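Below is one structure, written out as structure tokens, with a few remarks after it.
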């Protein structure tokens, strides 16, 4: 087996995701990391990389077990800067969890002069005795019930932290599916259906209460805190509930009214937009003949017509989508008040901005093949530069 040296710092999720996007065979690296764990069980960096790889291979429980063991050894991990002499040092407050639990900062900082240090916050445990020097910090833990204790812990640190901290931790929970519609209610030109939480018994009860205003079918149902279409379904009537529950093992679900957002040509269009210091930046656009759409199932790589439309969305954002929705986007950013977050959205037939969800941990990357998506790299580099500029503006002033 290849036993060549591994980096002292982890490869990190960003680099591993790039290898996966490039369809590199990751099995040899996985075996090498397992070998390293067997012979050097105190190698926390190898364990953290193994935690990511196990999830890439579909082994979530094994990945989380590797992560927990790594965090019992070390809770600070450093990702190397692309430059020999970093121009800025960033500390991220992160939560234990799957690879979607935190802002994918390594992807946002790709090619930058930023040195990233990630501090995992474990409720009930004191901070490590030594923390890396840094110019600015950011709350990277995304919104979820299971991360509320972590965000509360970060909130306690936030008040007296010696450097500037981006993304107030008390604002992140406002992005939940239940609370965000309330935060955005009454906004002209914006629609976000309300969401209610039901346990399995409560969901079953709807079979006899279809006349309730909040339960008028069709309804969209999904497990609480699920993303990327996991467990997402449309219930067209009470008769659909038993079959859905039979397929799902979760205990709680979010329900919201279904909104038909088809365009005039019968296709569905879904957009991802990132906000940096209140300014919207386009990330991607997915087009499908199915309502249940996210980028990986939209077949964008197989359709030159779809890619041409996405290219126009990205390159003409300020004169197209961004201009049409300027007022709604600006007021929404003002209500959410986070330094960095993202939304998935659409436009209704009436031209309103339809919000599906918002979070700080949405994936924003520049990993798509440039020969197939040549328009993406310039858009992502503009976004990355804006993120780096924000960090520079917020950094702790240098001593005189």
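In the numbering used here, the protein residues as written are 1 to 400. The C-beta atom is built at its ideal place from N, Cα and C for all residues, glycine as well. Being a predicted model, the structure only gives us computed values, none of them experimental.
Where the alpha helix (DSSP H) through residue i begins and ends
{"i": "residue 304", "result": "304-315"}
{"i": "residue 235", "result": "Segment 233-235 is the beta strand (DSSP E) holding residue 235; no alpha helix (DSSP H) there."}
{"i": "residue 68", "result": "60-73"}
{"i": "residue 50", "result": "44-56"}
{"i": "residue 108", "result": "105-108"}
Three-way DSSP call (helix, strand, coil) for residue i in this model
{"i": "residue 274", "result": "strand"}
{"i": "residue 119", "result": "strand"}
{"i": "residue 199", "result": "strand"}
{"i": "residue 186", "result": "coil"}
{"i": "residue 252", "result": "strand"}
{"i": "residue 206", "result": "helix"}
{"i": "residue 158", "result": "helix"}
{"i": "residue 39", "result": "helix"}
{"i": "residue 21", "result": "helix"}
{"i": "residue 357", "result": "strand"}
{"i": "residue 166", "result": "strand"}
{"i": "residue 16", "result": "helix"}
{"i": "residue 211", "result": "Annotation note: pLDDT 47 at residue 211 (below 50); position unreliable, coordinate value reported separately. The answer is coil: DSSP assigns residue 211 none of H, G, I, E or B."}
{"i": "residue 138", "result": "strand"}
{"i": "residue 216", "result": "coil"}
{"i": "residue 261", "result": "coil"}
{"i": "residue 268", "result": "strand"}
{"i": "residue 363", "result": "coil"}
Selection from the options that minimises the alpha carbon distance to residue i
{"i": "residue 13", "options": "394, 283, 393 and 367", "result": "367"}
{"i": "residue 359", "options": "61, 50, 145 and 114", "result": "145"}
{"i": "residue 311", "options": "243, 370 and 230", "result": "370"}
{"i": "residue 34", "options": "85, 52 and 23", "result": "52"}
{"i": "residue 342", "options": "324, 331, 350 and 361", "result": "361"}
{"i": "residue 104", "options": "185, 141 and 270", "result": "141"}
{"i": "residue 293", "options": "281, 179, 44 and 261", "result": "261"}
{"i": "residue 231", "options": "317, 239, 243 and 238", "result": "243"}
{"i": "residue 275", "options": "40, 364, 249 and 297", "result": "364"}
{"i": "residue 249", "options": "234, 263 and 222", "result": "222"}
{"i": "residue 42", "options": "58, 64, 68 and 28", "result": "68"}
{"i": "residue 158", "options": "179, 121 and 229", "result": "121"}
{"i": "residue 392", "options": "147, 112 and 96", "result": "112"}
{"i": "residue 315", "options": "377, 277 and 207", "result": "377"}
{"i": "residue 125", "options": "272, 138 and 96", "result": "96"}
{"i": "residue 203", "options": "295, 303, 135 and 239", "result": "239"}
{"i": "residue 166", "options": "155, 175, 174 and 176", "result": "155"}
{"i": "residue 272", "options": "17, 375 and 321", "result": "321"}
{"i": "residue 259", "options": "218, 227 and 226", "result": "218"}
Neighbour-count burial assignment, residue i, 16 or more Cβ in a 10 Å radius
{"i": "residue 299", "result": "exposed"}
{"i": "residue 327", "result": "exposed"}
{"i": "residue 253", "result": "buried"}
{"i": "residue 21", "result": "exposed"}
{"i": "residue 54", "result": "buried"}
{"i": "residue 160", "result": "exposed"}
{"i": "residue 297", "result": "exposed"}
{"i": "residue 283", "result": "buried"}
{"i": "residue 39", "result": "exposed"}
{"i": "residue 143", "result": "buried"}
{"i": "residue 224", "result": "buried"}
{"i": "residue 344", "result": "buried"}
Delimiting residues of the beta strand (DSSP E) encompassing residue i
{"i": "residue 340", "result": "340-347"}
{"i": "residue 222", "result": "219-223"}
{"i": "residue 288", "result": "279-288"}
{"i": "residue 301", "result": "Careful: residue 301 lies outside any beta strand (DSSP E) and carries neither H nor E."}
{"i": "residue 77", "result": "76-79"}
{"i": "residue 335", "result": "First-last for residue 335: 326-336, but that is the alpha helix (DSSP H), not the beta strand (DSSP E)."}
{"i": "residue 373", "result": "Residue 373 -> no beta strand (DSSP E), and no H or E assigned at all."}
{"i": "residue 243", "result": "Looking at the DSSP string, residue 243 is not in any beta strand (DSSP E); the run it does join, the alpha helix (DSSP H), is 241-247."}
{"i": "residue 91", "result": "88-94"}
Residue i: CB within 8 Å of a non-hydrogen atom of the ligand NAD
{"i": "residue 192", "result": "With respect to the ligand NAD, the structure offers nothing, as it holds no ligand at all."}
**Study point:** Cβ pair count under 8 Å reaching 3, the stretch 68-82 against the stretch 332-348
**Key:** no
Review point. Is it a yes or a no for the stretch 182-197 touching the stretch 351-365, going by three-plus beta-carbon pairs under 8 Å?
Key: yes
Practice item. Flag this pair as touching only if the stretch 103-113 and the stretch 371-384 have three or more C-beta atom pairs under 8 Å; answer yes or no. Key: yes
Check your understanding: Taking one C-beta from the stretch 86-99 and one from the stretch 111-120 each time, how about it: are there three or more such pairs within less than 8 Å?
Key -> yes
Check your understanding: For the stretch 254-270 against the stretch 283-298, are there 3 or more C-beta pairs whose distance is under 8 Å?
Key -> yes
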